[in-house]
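*Asks:*
Protein chains: 2
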Amino acid sequence: MSSVLSGEADDRRGLTTQIKAALRDLRNELSILNRQVSARIAVKDGDLDCLDLITRHGPLSPSGLARLAGVHPATLTGILDRLERAGWVARERDVQDRRAVLVRALPQRSREVFHLYAGMNSALDEICAGYDQSQLEVVADFMRRAADAGKNAAQELADGEQAAHGKPSPP
Amino acid sequence: MSSVLSGEADDRRGLTTQIKAALRDLRNELSILNRQVSARIAVKDGDLDCLDLITRHGPLSPSGLARLAGVHPATLTGILDRLERAGWVARERDVQDRRAVLVRALPQRSREVFHLYAGMNSALDEICAGYDQSQLEVVADFMRRAADAGKNAAQELADGEQAAHGKPSPP
DNA sequence: AAGATAACATATGAGTTCCGTATTATCCGG
DNA sequence: CCGGATAATACGGAACTCATATGTTATCTT
Chain A
1 MSSVLSGEAD
11 DRRGLTTQIK
21 AALRDLRNEL
31 SILNRQVSAR
41 IAVKDGDLDC
51 LDLITRHGPL
61 SPSGLARLAG
71 VHPATLTGIL
81 DRLERAGWVA
91 RERDVQDRRA
101 VLVRALPQRS
111 REVFHLYAGM
121 NSALDEICAG
131 YDQSQLEVVA
141 DFMRRAADAG
151 KNAAQELADG
161 EQAAHGKPSP
171 P
Chain B
1 MSSVLSGEAD
11 DRRGLTTQIK
21 AALRDLRNEL
31 SILNRQVSAR
41 IAVKDGDLDC
51 LDLITRHGPL
61 SPSGLARLAG
71 VHPATLTGIL
81 DRLERAGWVA
91 RERDVQDRRA
101 VLVRALPQRS
111 REVFHLYAGM
121 NSALDEICAG
131 YDQSQLEVVA
141 DFMRRAADAG
151 KNAAQELADG
161 EQAAHGKPSP
171 P
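These protein sequence lines are chains A and B, in that order. Here the first sequence stands for residues 1 to 171, where the numbers follow the UniProt record's numbering. Here the second sequence stands for residues 1 to 171, where the numbers follow the UniProt record's numbering.
Structure (structure tokens):
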């Protein structure tokens, strides 16, 4: 068989491994950056994750947010208490369903956190400037797929947890 | 002025914005995945971050790890206590400097966590299979740069914190 | 249509974690 | 050797997490 072909296959395998390693690294560094930013605005890093979710996924209910963030509902109450007390978010009752609450991010303070990410932001601009358009498309595409894969993997783990403690598997 | 050129510039700007959004999303999803994995092995998610760092950056000292992970040294003592008690890592005294300690990951249990990431792992294999070699190189390269940018940004924030509380700026 | 049931958010409290500071052990320069 | 610096940990108060309980409102059942 062709050594050229198997050589290419090896390269691909190696690259895939490199990508996984880079992804672990990336997650870790971004996680640390997140921690530093959190410390600056005097919230827990989990709180900042939630704030980010609230900002991006519009006004939403605490229970929805709990599912989205993968935290216990009671924990989320505490998180929202802190975010609300510090003026990051507002709670308002849902007019459709008066049991429910809608949480929305307040725009004023959001600028602060944006400013803290300014360094990372401009660094990313510089990095992106080094690629051509089709390459940027590849990168954006890859990251969206990877994020989706992460979401699915997390969901499967959550479901598995469910199955382990509850009924084995619904028919 | 050329509408074609400004159109391309607009596309690039849009792509850069998309990449930043995708990166936020990616970080968030991976963070949630991390939380689920942590819950499965009964450790805090910060603990898992540290375990990952220990695994990847070989045996290292608690103080080095504290710097690397961006956590308070006293907090790290607690983290290591938990990881050690559960059999994830071992502490051993450094023979060169008997004040110091070396922390190393124990291989046995590491397989468990590997298994929990199996779903994500195979999903990434599939995703990577959809790109050709040069595209994979672009992705790997981008992620390494982004991780580096994150590290620098976090470092700058940490230094700024230092400057804010200590001397304004050393000459 | 009325009552039972479920869903939503939050209160409560026990157990755990975080982190500023103090303590102990060790290294290094003079 | 000794004084100062550095590594890791001990300690304790404040803060956090989470299982469970509670009060309110919606939805289902018959």
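Think of the CB as a built atom: it goes at the ideal place given N, C-alpha and C, for glycine as much as any other residue.
Measuring alpha carbon to alpha carbon, tell me which of A:R12, A:I19, A:L136 and A:V113 ends up nearest E8 of chain B.
*Replies:* Measuring from the Cα of E8 of chain B, the nearest candidate turns out to be A:L136.
*Asks:* V113 of chain A to L51 of chain A, Cα distance in whole Å?
*Replies:* The straight-line gap from Cα to Cα measures roughly 10 Å.
*Asks:* So what does A90 of chain B bridge to, in DSSP terms?
*Replies:* Answer is B:R104.
*Asks:* Which chain B residues sit within Cβ distance under 9 Å of L157 of chain A?
*Replies:* Chain B residues near L157 of chain A: L33, Q36, V37, A39, R40, L116 and G119.
*Asks:* Can you tell me the Cα-Cα spacing of R27 of chain A and L30 of chain B, whole angstroms?
*Replies:* Approximately 7 Å between the Cα atoms of the pair.
*Asks:* Do A153 of chain A and G119 of chain B count as a contact pair if the criterion is CB distance below 8 Å?
*Replies:* Yes, the Cβ-Cβ distance between G119 of chain B and A153 of chain A is below 8 Å.
*Asks:* Ignoring anything shorter than 3 residues or poking outside the UniProt domain "HTH marR-type" (12-148) of chain A, list the beta strand (DSSP E) runs there in chain order.
*Replies:* Runs of the beta strand (DSSP E) inside the UniProt domain "HTH marR-type" (12-148) of chain A: 89-93 and 101-105.
*Asks:* Can you pull the chain B residues whose beta carbon is under 8 Å from the beta carbon of K20 of chain A, in chain order?
*Replies:* Chain B residues near K20 of chain A: N121 and L124.
*Asks:* Leaving out the 5 sequence neighbours to the left and right, which residues in its chain are closer than 8 Å to Q155 of chain A when beta-carbon positions are compared?
*Replies:* Correct list: empty, nothing qualifies.
*Asks:* For the stretch 99-106 of chain B against the stretch 44-63 of chain B, do three or more pairs of beta-carbon atoms, one drawn from each stretch, fall closer than 8 Å, so that the two count as touching?
*Replies:* In short, these stretches touch, since the Cβ pair count reaches three.
*Asks:* Would G87 of chain B count as contacting chain A if we go by Cβ distances under 8 Å?
*Replies:* No - not a single Cβ of chain A is within 8 Å of the one on G87 of chain B.
*Asks:* Is there at least one Cβ from chain B nearer than 8 Å to D25 of chain A's Cβ?
*Replies:* Output row for D25 of chain A: interface = yes.
*Asks:* With a CB to CB cut of under 7 Å and the five nearest residues on each side skipped, what residues in its chain are close to L106 of chain B?
*Replies:* Cβ neighbours of L106 of chain B beyond the five flanking positions: G87, W88, V89 and A90.
*Asks:* Taking the alpha-carbon positions, what's the I19 of chain B to Q96 of chain B distance?
*Replies:* Near 46 Å, if we compare the C-alpha coordinates of Q96 of chain B and I19 of chain B.
*Asks:* Would you say T75 of chain B reaches chain A, if we count a Cβ-Cβ gap shorter than 8 Å as a contact?
*Replies:* No, T75 of chain B lies away from the interface with chain A (no Cβ there is under 8 Å from its Cβ).
*Asks:* Applying the 10 Å Cβ sphere with the 16-neighbour rule, what's the burial state of R145 of chain A?
*Replies:* Result: buried.
*Asks:* Let me see if you follow: with CB-CB separation under 8 Å, is I127 of chain B close to chain A or not?
*Replies:* Yes, I127 of chain B lies at the interface with chain A (some Cβ there is under 8 Å from its Cβ).
*Asks:* Run down chain B in chain order and give the residues with a C-beta less than 7 Å from the C-beta of K151 of chain A.
*Replies:* Residues of chain B passing the Cβ test: E29.
*Asks:* Can you pull the chain A residues whose beta carbon is under 7 Å from the beta carbon of R104 of chain B, in chain order?
*Replies:* None at all; the shortest Cβ gap to chain A is about 18 Å.
*Asks:* Taking D52 of chain B as the query, report the chain A residues whose CB atoms sit under 8 Å from its CB, ordered along the chain.
*Replies:* Ordered by position in chain A, the residues that pass the 8 Å Cβ test against D52 of chain B are R24 and N28.
*Asks:* Report buried or exposed for P170 of chain A, applying the criterion of at least 16 other Cβ atoms within 10 angstroms of its Cβ.
*Replies:* For P170 of chain A, the pLDDT reaches just 38, beneath the cut-off of 50, and the residue's location in the model is therefore unreliable, leaving the point undetermined.
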